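Notes to accompany the following structure.
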Amino acid sequence: MSLDYPDYEELRKRSKFLGWLWRLSDAGYYFGLIGSIIWPLAVIGCQITSRKRQLPWDKAFLLLILGMVVCFSIFWGAAQFKKFVLRRGKSLKSKP
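Residues in the sequence shown are numbered consecutively from 121, following our numbering.
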């Protein structure tokens with residue numbers, strides 16, 4: 121359970137659509153966070169353990185950097201979108 125789950129519960133009471141957007145951005149947040157950690161380990165592990173399909177070091181380094189940039193961008197974008205959805209939800213009035 122994430123630390124901001126009470127915010128999600130309050131947002132879900134106000135709007136189902138914003139609650140769905142929150143869940144979508146939360147999944148993107150964790151995908152980007154975990155991907156930016158696992159991606160370099162996977163590339164390095166494949167380079168070390170693969171005997172037949174090793175990439176040259178410059179291509180492997182480029183793949184590593186590009187993957188990290190993509191995953192970190194997903195992480196940052198999802199965090200910003202989550203913040204936007206929360207602000208949007210707080211501006212709505214509560215349902216009776």
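A virtual CB, placed ideally from N, CA and C, is assigned to each residue, including glycine.
In this text, all values refer to a predicted model and were calculated from it rather than measured experimentally.
It is roughly 26 angstroms from the alpha-carbon of SER145 to the alpha-carbon of VAL163. Nearest C-alpha to MET188 among LYS172, ARG173, ALA147, TRP159: TRP159. Taking C-beta atoms as the reference points, ARG132 and LEU212 fail to come closer than 8 angstroms. Cβ atoms of GLN167 and ALA180 come within 8 angstroms of each other, at about 5 angstroms. Collapsing the DSSP output to three states places GLN174 in coil. For SER145, the enclosing alpha helix (DSSP H) stretches over residues 136 to 169.
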